[in-house]
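Working notes, beginning with the structure itself.
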Amino acid sequence: MQLPQQKSLLRTSTEYHPRLAKVGELTLLLLIMMPQGLAVADDSKGAQPIPEHPSFARDIQPIFAKSCTGCHGGVKQAGDISFVYADSILPPDGWVVEPGDPDESVLFQRIISDDPDDRMPPPDEHPDGLSDREIELIRRWIKQDAKWEDHWSRMPLVAPSIPESDQSIAWANKPLDHFIYSSLRQHDLSPTREAEPEQWLRRVSFDLIGLPPTLEELDAFVKQLSNTDHKADRELVYEQQVERLLASPHFGERWASMWMDLARYADSKGFEKDPHREMWPYRNWLIEAFNQDMPYDEFTIKQLAGDLLPDPSFDDLVATAFHRNTQTNTEGGTDDEEFRIAAVIDRLSTTWTTWQATTFGCVQCHAHPYEPYQHDEFYAGLSLFNNSEDADLDHEKPAIPYLSDKQLRVEFVRTERELNEAEKTLDSLGHLVVGQSEWELLAINELESTTGTIGKVGDEVRVIGGTVAVGSTYKLSSDVSSITALRFTIRPESDDPAKWPEQGSVLSHLEVAVIGNDDKSKPVKLDTVIPDYRAGANPVERMLQKGSEGFGGYPKIFEPRWVVVTLAEPLQLGESETLELKLHQSASVTGGLSNHLRRFKIEYSEAPSLSKLGEDEAYAKQRETVDSLRREMSKFKGPSLPIMQDRVPDAVRETRLFLRGNWLDRGDVVEPGIPEVFQIAADKNRIQVTNRLEFAQWLVSRDNPMASRVWVNRIWNELFGIGIVETLEDFGVSGEPPSNLELLNFLASQMQSELGWSLKSLLRELVLSSTYRQDNRVDAERKQRDPRNRLLARGPRTRLTAEMVRDQSLVASGKLATQMGGPSVMPPQPDGVWQQVYSGAAWKAAEGEDRFRRGVYTYWKRTSPYPGFVMFDTPNRDICSPRRIATNTPLQALVTLNSEVYTELAQSIADRVRENSKTNASATPRDLIREIYLRVISREPSEEDLADLMMLHESLLKQRATVDETAVDETVTDETRASETKAEDSNEAKSMPAKLDPLGIVALAILNSDLAITK
């Protein structure tokens, strides 16, 4: 078989320019060298025969999805018929299909009817109707008893037998190769020859670590192979290269970059203001997790529920920042609950997209149109995420200080755990005394508010008029004779739980005094605060101090709350004395909306045990422990990283169905769980999922067949440019079917079992396979028959990711910074791109080593993402992005030709090879250009490439000489020189990018070639 030669550097599919008459055409030349687009048609399927025994999942379900479920699906069920559920179609409940008898089946009779009033699908909506092939498939399916199957993606994961043959054994390096070979033979194709060593090493280097091989690595690999004759020894050389790459610390950076799209990683909070967020510690964790080859099941559990593990470590808490990448709305006047709910919904949808490749977000408003997911099942899932402590507040708590020192991390986790337990014990001691005490309604004689109007309504105090502003104070007086404690019960305005939560209601600060007959006020010392439970970011004891935190429901009140405040000593009031309470209302949310008390009740007790609680030895000792631990916690300093943390059991939020997806229109209470389609039929074996931890454990258990399929498919896509299932985001009926289901099932089963969820082990299998090691060059016949390489009769050839495009230039120039981890950096970008409206923050291009750090560390602002990456298809990360779809636009060439990043690095490459040549007195420009080519393309240039590049270099030198002569020519007038200078400064006349010498421009031309920006 004759394969074409490697594409010339300067050739395109349209025209070849053998010589450039004028250097002014350089820009046109470089634009021509943009990568050619990918064909979108998939001609590899060809005409498909009708299977003798149709499979419902493979053959029938896609027909229903395409032609029936629009009217008879999960959302619209005309005639109470749904082709999503078996019991709606098949007996005993269904009446549309009579298994075994097409002639008696209403479905079959309607699809073959000639009467336009009877025919299905309706001719006015589906003029072409079903094809003869589709009708025959349905007939055969019904004839063979109409066996209903679940979708292939949810079918139990069973490893298929390996389709070995004598021919496949001779070709295969890994078990997966047999599946590919079998598929190729079914399509009358055969594999391509093995790729040249340089091609494979470049490909595998980018795929495993996201960087090209250095000249030294390339030279060593080629020499090793040239000195090896035996196949087994050659394989060992390949294996050594793979092990070197897998052990590289750059491995974690490359794969973290992929995961950050799924995690919607950003260094800002999102929405209009989009302020800064310290999220880089989570990126550090990702890089380390990939470098350590953390098993995917552990990787999953830590990110989704690391905080709920029995004994979570500091790193486990950091991992949960995965779901704190949701956006926080810091704009004034917004409803914090609305955007808290939006974040919770995003967490649920992101989880199902990332691990299940399921469009579960559709179920927020109604049942899924194509999948067996009911509307209420979305909210059963929402309940799993609805009890996190965060509440769309500017401070984004709960958060932890990110600590670099490992010992400090251990101490922090220990101290925080001890504090939580100490507070729980303290409150339990208080609850015991409160429960044993008698309480009476406090009789209120007078009450007033500095703003608005409050009054007594039954046994409560309510706001009955006006507007209560932030900073208002309620003043109440009572003629109570003796008192040891007060109990405040704060209630929502509505008694209907379906209307909860309501706007927050907080008692910010309490003052108690005795008013004598001379109207003088004598403060009463308060001692202890005993809450019903602790929720929120601040200690409830702050209600005894001036401030806004206090006690209550903030920023929303989800249910009635109570708190007890004890007096330091029992208080006896004289006949002429009055008890005065001042309730300060200082709490507010973004935009200045007051969170004042609107409905509350005050009780008092005379029980001596309450005022003596502070003197109780056990209580006093426990309170000192709490105070000591709080002081110790305050010593831990570091960047504040938002993490996941659930509310205490007493504070669990009630999750209700949102009618039609409207969070303000709430229905019945929904208990946590997973969709019924994943449940095992027998009740005794039903899967119990009641919190995030159990959900995460189920996702990566053998009870869930999807997560492993989705994960191996994602990795396959990263290496081969297109997944076995092309729609990485949708493994459902509306997604693309797998090109090789048996291969997918084999890899997924292998991942769960012998590979132990190890990414590095899976990558070894893939990159050392004969499939992966094929030459990526293709002849005309193969390209016509399989234009998108779905059958893999050749090696993968895909464009570099945005990060790789830049990182390659860093490696070639020798500028790549070695530092790993740490805060995000700001490489150069055009002026004026990043304009802050709400703050003085500015994009300040980094200097020194930070200027040349890998793309994964680039600062990511959601409202103004890095333009050099956006042009190469990096998502803005507002939401989970499971797939980057490569585009091909002139803007990409404009970025790499004109941005400061690439012109600077191109010149650095030229300077580097020029410096290297000083040790070789005989080095020529041709030698320098050859070295640049090698450093960028990872292979020797052809004579044709060298000739074209030498022509470009010589033309640039001539232009430079002309410019220099003009500069010193005394016959040229100042007016003429000024005119020429002005013309050179115009965009039309500029033929040489700023700060680039001729060799630098050649380097830039190579960097912009098709060969440079593809693997």
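All residue numbers for the sequence shown refer to the numbering used here, where the first residue is 13 and numbers rise by one.
Virtual Cβ for every residue (Gly too), placed ideally from N, Cα, C.
- If you compare the alpha carbons of 857, 515, 618 and 736 with that of residue 601, the shortest gap goes to 515.
- Per DSSP, reduced to three states, the secondary structure at residue 770 is coil, with no helix or strand assignment.
- Relative to residue 895, the option among 773, 723 and 827 whose CA is nearest is 723.
- Nearest neighbour of residue 804 by Cα position, chosen from 794, 813 and 811, turns out to be 794.
- In this structure, DSSP gives residue 933 a state outside helix and strand, which the three-state scheme calls coil.
- Within the stretch 88-163, the runs of alpha helix (DSSP H) at least 4 residues long that lie entirely inside it are, in chain order, 118-124 and 144-155.
- Apart from the 5 residues on each side of it in sequence, residue 312 sits with its Cβ closer than 8 Å to the Cβ of 367, 708, 711, 712 and 719 in its chain, given in chain order.
- In the displayed model, residue 678 falls within a strand according to three-state DSSP.
- Of the candidates 854, 836 and 846, the residue whose Cα lies closest to the Cα of residue 861 is 836.
- By the criterion of a C-beta distance shorter than 8 Å, residue 730 is surrounded in its chain by 219 and 270, once the five residues flanking it on both sides are discounted.
- By the CB criterion at 8 Å, residue 356 and residue 621 fall outside the cutoff.
- Nearest neighbour of residue 168 by Cα position, chosen from 851, 690 and 783, turns out to be 690.
- Residue nearest to residue 379 within the set 567, 596, 536 and 84 is 84 (criterion: CA-CA distance).
- Taking 8 Å as the upper bound for CB-CB distance, residue 290 and residue 652 are in contact here, some 6 Å apart.
- When the alpha-carbon of residue 568 is set against those of 888, 841, 74 and 347, the nearest one is in 347.
- Fewer than three Cβ pairs drawn from the stretch 391-403 and the stretch 636-650 lie within less than 8 Å of each other, which leaves the two stretches out of contact.
- Under the three-state reduction of DSSP output, residue 790 falls in the coil class, being neither helix nor strand.
- Put simply, of 188, 1022 and 114 the residue whose alpha carbon is nearest the alpha carbon of residue 784 is 188.
- Only residues of its own chain outside the window of five on either side were considered, and among them 824, 825, 944, 947 and 1015 have a CB closer than 7 Å to the CB of residue 921, listed in chain order.
- With fewer than three CB-CB distances shorter than 8 Å, the stretch 242-249 does not count as touching the stretch 837-851.
- Under the three-state reduction of DSSP output, residue 412 falls in the strand class.
- Each of 916, 832 and 786 was checked against the Cα of residue 205, and the nearest Cα belongs to 786.
- Its chain contains 130, 131 and 132 as the residues whose beta carbon lies nearer than 7 Å to that of residue 122, once the 5 sequence neighbours on both sides are disregarded; these appear in chain order.
- Within its own chain, the residues whose Cβ lies closer than 8 Å to the Cβ of residue 353, once the five positions on either side in sequence are excluded, are 675, listed in chain order.
- Following the DSSP letters along the chain, one finds residue 1018 inside the alpha helix (DSSP H) bounded by residues 1010-1019.
- The alpha-carbon separation between residue 780 and residue 185 amounts to approximately 7 Å.
- Residue 572 and residue 820 have their C-alpha atoms spaced approximately 60 Å apart.
- Boundaries around residue 525 are those of the beta strand (DSSP E), 521-527, since no alpha helix (DSSP H) includes it.
- Cα atoms of residue 681 and residue 899: separation of roughly 45 Å, rounded to the nearest angstrom.
- The shortest C-alpha to C-alpha distance from residue 1021 to any of 905, 964 and 1007 is the one to 905.
- DSSP, read as helix, strand or coil, puts residue 618 in coil.
- In the structure shown, residue 288 adopts extended strand secondary structure according to DSSP, grouped into three states.
- Residue 593 and residue 576 have their C-alpha atoms roughly 14 Å apart.
- The C-beta separation of residue 649 from residue 413 comes to about 6 Å, placing the pair in contact by the 8 Å criterion.
- Between residue 540 and the set 475, 371, 401 and 551, the nearest pair of CA atoms involves 551.
- If you draw a straight line from the Cα of residue 598 to the Cα of residue 510, it is about 28 Å long.
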